[in-house]
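If you're matching them up, the sequences are chains W and L in order. Heads up: the first sequence begins at 813 in the numbering used here, then just goes up one per residue. Heads up: the second sequence begins at 31 in the numbering used here, then just goes up one per residue. Data block below; observations after.
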Amino acid sequence: MAEQRGTVGGPVLTEWFATRDLHKLDVYESLGGYTALRKVLKEMTAAQVIDEVKISGLRGRGGADFPTATKWSFVPKDHPGPKYIVVNADESEPGSAKDRYLMENSPHMLIEGAAIASFAISGHQAWIYIRGEYDLPYEMLRDAIAEAHAKGYLGEHSFGTDYPMDVRLYRGHGAYICGEETALLESLEGKRAQPRSRPPFPAVKGAWGMPTAVNNVETLSTVPWIMRHGGAEYAKRGTERAKGTRMVTVSGDVQKPGNYEIEIGVTYRHVIEELAGGALPGRKIKVFWPGGSSAKVLPGSMLDTSTDLDYLKSIGTMGGSGGIIVMDDSHCVVKAAARLLRFYAFESCGKCTPCRVGGNWAVRTYERILAGEGSQIELGILERVSDGLQNGRCLCGLGDAAGWVIESTMRHFHNEYEEHSLHNVCSVEAALAHA
Amino acid sequence: MPDVNVTIDGHKLAVPAGMLVVEAAKLVGIEIPVFCYHHKLDPVGACRLCLVELSPGPPRPQTGCTTPVAEGMVVKTLSPMAVQARADILEFELVNHPLDCPVCDKGGECPLQDFTFRHGYPTSRIDGPRLHFKKPIPLSETIALDRERCVLCYRCTRYYDEVAWEQELTVGQRGVQSFITSQFDQPLQSIFSGNIIDLCPVGALTSRVWRFESRPWDMTHTASICSKCAVGCNVNLWQRRGQLVRVTARENDDIDEGWICDRGRFDYTDVNDPTRLRTPRIRGAKATWADALQAVAEGIKGKKVKLGISLPADITNEEAFLFRSLLDGPLRGARVKMHGRTALPLPLGETLRIKEIDDARVLVVVASDTENEVPIVNLRIKKAVSKRGARLIVIHPDGVDLDRDPRTVHIRNAPGSAAAEVRKLASNELLKSAGGLVAILYGDGLGSEEIVDLAKSCRELAEAVGGKVMPLYRATNERGALAAGVAGWDSLDGVEALLSWGPPPTAGIPKSVKFLAVWDHLPRPQNEKAAVVLSATTFAQRQGSYTNLEGTVQFLRPPIEVDQPLKDSWEVLTELGVALGMNLDYAGIFAIQREAAATIPAMAALAQPPSAEPEPQPVLVGPAHP
């Protein structure tokens, strides 16, 4: 359940979420839905839409945090062929469940946002690439698209204008790598999901070789609100550089895990302790991932860190996809890192050497450490693998993320690693055994 | 495009804009190791081995194989960042690589070995079990796959997709469990499958025909020409201990671009057959060459139309010239039939050259299944369509592999009506708005088409739309034999004497034959009744030249010497001529070549000596050169 925090002027994304049957078109419309798309189609130009979004300061909410208006402006509007908006609904980042929450509560919000984005890049077709496991959101989107078609909001004459507009769905087949935008495009085209070498970037050569902008669900879901209230209104929220609100998912050792909309700039302590109810009784928060498992971890002592995305970058981590994973002192960090590396090694597409081999080598090394066969050599291997996965070695961010997990957990919890490798002891387990 | 100035490891050079960093580095002799990059495939940047430091650029290494040079770019391959990145990637490649070097056929010409020595860490930190696969897997009768050795550079699958337009090789699973596999585990069927052996940078894809045959440094090789079809691909013929042990591609961008088909690559084992004929025989008894040739002369002279001569598809220009001399002299009137030729006559004017296919805007392929008839020209057509944006029109009664591109226009003609369809094309939109060269390639429809009219219609179309024609001959030296006038088409029925030069006639020895003389390298049941058997040299021993279908004369370089008591064909034909009463005296094959060049205009190139033997390559850079 989303708890609407009092931000400047109230929530943006979750504004109408308490309304029953919001997923139905007439309910969505009765609250003000589709007024933005109607206005955009009938009264605005594509350039004006991009300007409004630029004023808002909206940045990508999928993890890359790239200014949305800038991304749309890279799409050459004079290109003779089709131009596509592709919605990245592949949400597979461990810890992140916000996109599903948005799609299940208000599928029309995403459809309206995707259509406005299509208009902004002078395109007529949006594709929603949704991960195959998301059955319910897929069905809800499918029904919502049918409703929109029936009412003439999508189709050859969107809202009675001469502007054709369509939104189509494509289901993924179960791979984390499809969250990477070029791998997503490969999968959308029916090919093996492996990232492409960039440049060329999707804005120049994307889906089927055509200019494409790939945007996250939350990013596009924010667009109707911006068009209704104006970019300046959105920019009143948030911090100086990172504007607006965002969704976060809090999970792990907290009392009230869930999805929350926050104003960017509040502290993690506010999110974890006030919104999510704080640590479980009798436990202390030891470590948290500030934005999905791919974000470098922060120790519990840094709970007062701001959620400002630029600030997080400056201290070496990231706000990512907002999947905040909280771990308390009853869990072993080495085991957690080992489990995460198994995820990354399993999901590796296998195209580039460092991620394909390094991920697996790290998994085997962790297995040896946790089986009591570790030594200084294993610690050295983890450091070298982590180094070999980062710094531009890999073709996409999956390898880098695996490297960050190793590096950040080793940096903040080196004592636990040493205990395991050199002494074959887990002090966490020991403490629990005596509890 | 104008040149740009770049600096690579301190060397300043000017290179064409758009050239990739790895290619520019080669110009100054700097090796940036690559696995997934191949100069004939689209770059992907998958293996990450070519990481170099670029400035101006981000503070991370960049892949040199996907980055084109830019003005003022500074490339550092020896900075600490680049050196460590490269060594790290090599270490990762070796983590699961089996310790197979002693038993791996690639050893000695293996880029992985060479790069590890030159760029990798000197000691290994891998101390644990490696990934295992069942191995080796027979991908086909001629190719073996070893999945443990595979470094997943994807050159093989990308070659199949991009160059050969086939789907039979693919990747299964993902991540570290990825492996190369054939679709539905069926054996590879494509005639182009063998090139993956040359492409594979490790010993994962190896030739089963050459398996465990030799180490590279125990072989010598010559730069020769393939003798299996009229395209005339350039090949390297490798010999060891007097045996032809393998055939690999030799890159000639004018003709084959580094690809050869499976016929040329694997069909050579007959050269080493232990039952090969070595001495001439008269009615089964060993004889000297002088006696044998005298017997042949006795049997065939003065027979006029009662003499039949069967010529092989791979007759050399020099043999053809000598046969012309014989047919103009003592064997005048004999009937001649050449193996395996099309019904196509000599072209009437200028013809298209193979490399011009690259520049064609529209290609028209008539009455030919190019995949089986002229395989490497088929690959060039595919390249023009998929990489150069050419349009393709096919006129053929059946589906062909070129239909796999959805934009191919396929006109299914009734057999025999190809010429009519060609004439209709004069008003075709694609041809009228071609905007450049139109290439018209025509075969003989395996005999189903009226050839003279078809050739005429193609030439008319070429003149109408600004194009050039390419007659697709089938026999290896069909064009050379036609130029010499010995590409005979006569029926051999009713001849009393038959001189069978090469393999026996496909229709069999006619029943009327009373005197049979053969020149062949293997014992065959058809030749059991032969009066004289002359032990022949094979293509691996023969000196001479072929004229390929575009008219280029290319010289053979045999890797195996003609050892006693064998004699080379030009020598035997000369002595036969003498035995028939001619006054022939050639000091060597060059003398024949000069005379042929002087008498037959199409063979003028024979007067030019063959180009110098290429510099011996150090064994470290083998056929799958990076």
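Backbone N, C-alpha and C define an ideal beta-carbon position, used for all residues, glycine too.
Distance from W/GLY1134 to W/ARG1058 at the Cβ level is roughly 6 Å; contact confirmed, criterion being Cβ atoms closer than 8 Å. Listed in chain order, the positions of the segment 1205 to 1230 of chain W with a beta carbon within less than 9 Å of a beta carbon of chain L are ARG1205, CYS1206, LEU1207.
Distance from W/THR1061 to W/SER918 at the Cβ level is roughly 17 Å; contact not present, criterion being Cβ atoms closer than 8 Å.
Counting only runs of 3+ residues, the beta strand (DSSP E) found wholly inside the segment 416 to 483 of chain L occupies 421 to 425, 439 to 441, 468 to 472, in chain order. DSSP places L/LYS42 in the uninterrupted beta strand (DSSP E) bounded by 41 to 46.
If the five residues before and after L/PRO534 are omitted, its C-beta is found closer than 8 Å to the C-beta atoms of SER340, VAL548, ASP550, ARG554, GLN556, ASN557, all from its own chain and listed in chain order.
With at least 16 other beta carbons inside 10 angstroms of its own, L/TRP240 counts as buried.
L/ALA253 is positioned such that its CB atom lies no closer than 8 Å to that of L/LEU564.
Within the same chain, Cβ atoms closer than 7 Å to the Cβ of W/TYR1229 are found at VAL1146, LEU1191, MET1222, the five residues on either side in sequence being excluded. Judged by DSSP secondary structure, L/LEU361 falls outside any beta strand (DSSP E); it is assigned neither H nor E. Interface criterion not met: the Cβ of W/SER1033 is under 8 Å from no Cβ in chain L. With contacts defined by Cβ atoms closer than 8 Å, L/ALA397 and L/GLY473 form a contacting pair. Between the alpha carbons of L/GLU380 and W/THR1024 lies a gap of roughly 47 Å.
With three or more CB-CB distances shorter than 8 Å, the segment 615 to 633 of chain L counts as touching the segment 508 to 521 of chain L. If you look at L/LYS56, you'll find it in the alpha helix (DSSP H) that goes 51 to 57.
Counting only unbroken stretches of 4 or more residues, the alpha helix (DSSP H) elements lying wholly within the segment 267 to 314 of chain L are 292 to 296, in sequence order. Around the beta carbon of L/LYS334, a 10 Å sphere encloses fewer than 16 other beta carbons of the protein chains shown; the residue is thus reported as exposed. Close to chain L, meaning a Cβ-Cβ distance shorter than 8 Å, are the following residues of the segment 1141 to 1166 of chain W: ALA1157, PHE1158, GLU1159, SER1160, CYS1161, GLY1162, LYS1163, CYS1164, THR1165, PRO1166. Contacts with chain W (Cβ-Cβ distance below 8 Å) from the segment 279 to 307 of chain L involve no residue at all.
Here the alpha carbon of W/ALA1015 sits roughly 8 Å from the alpha carbon of W/LYS883.
Pairing L/LEU352 with L/VAL193, the inter-Cα distance amounts to about 41 Å. Of the candidates L/GLY419, L/TYR576, L/MET103, L/ILE425, L/ILE425 places its Cα closest to the Cα of L/ARG442. When the beta-carbon positions are compared, W/GLU992 and W/GLY1215 stay at least 8 Å from each other. DSSP places W/PRO1036 inside the alpha helix (DSSP H), whose first and last residues are 1029 to 1041.
Neighbourhood of L/ASN578 in chain W, by CB distance below 9 Å: empty, with the nearest CB roughly 37 Å away.
The beta strand (DSSP E) runs lying completely inside the segment 326 to 394 of chain L and spanning 3 residues or more are 337 to 341, 365 to 368, given in chain order. At a cut-off of 8 Å, the C-beta of W/ILE1181 has no neighbouring C-beta in chain L. The beta carbon of W/GLY1077 lies closer than 8 Å to those of GLY1050, THR1051, ALA1054, SER1118, THR1119, ASP1120 in the same chain, with the five residues before and after it left out. As far as DSSP is concerned, L/SER487 takes part in no beta bridge. Taken residue by residue, none of the segment 583 to 603 of chain L has a beta-carbon sitting less than 7 Å from a beta-carbon on chain W.
Residue contact check for L/PHE353 against chain W: no CB pair falls below 8 Å. Residues of chain W with a Cβ closer than 8 Å to the Cβ of L/SER208 are, in chain order, GLY1162, ARG1168.
The three-state secondary structure of L/MET633, taken from DSSP, is helix.
Within the segment 186 to 212 of chain L, the residues whose Cβ lies closer than 9 Å to some Cβ of chain W are THR200, VAL201, GLN203, ARG204, GLY205, VAL206, GLN207, SER208, listed in chain order. The contact set of L/ASN126 on chain W, defined by CB atoms closer than 9 Å, consists of VAL1169, ASN1172, TRP1173 in chain order. The way I'd put it, the segment 518 to 534 of chain L doesn't touch the segment 229 to 238 of chain L; fewer than three beta-carbon pairs between them come closer than 8 Å.
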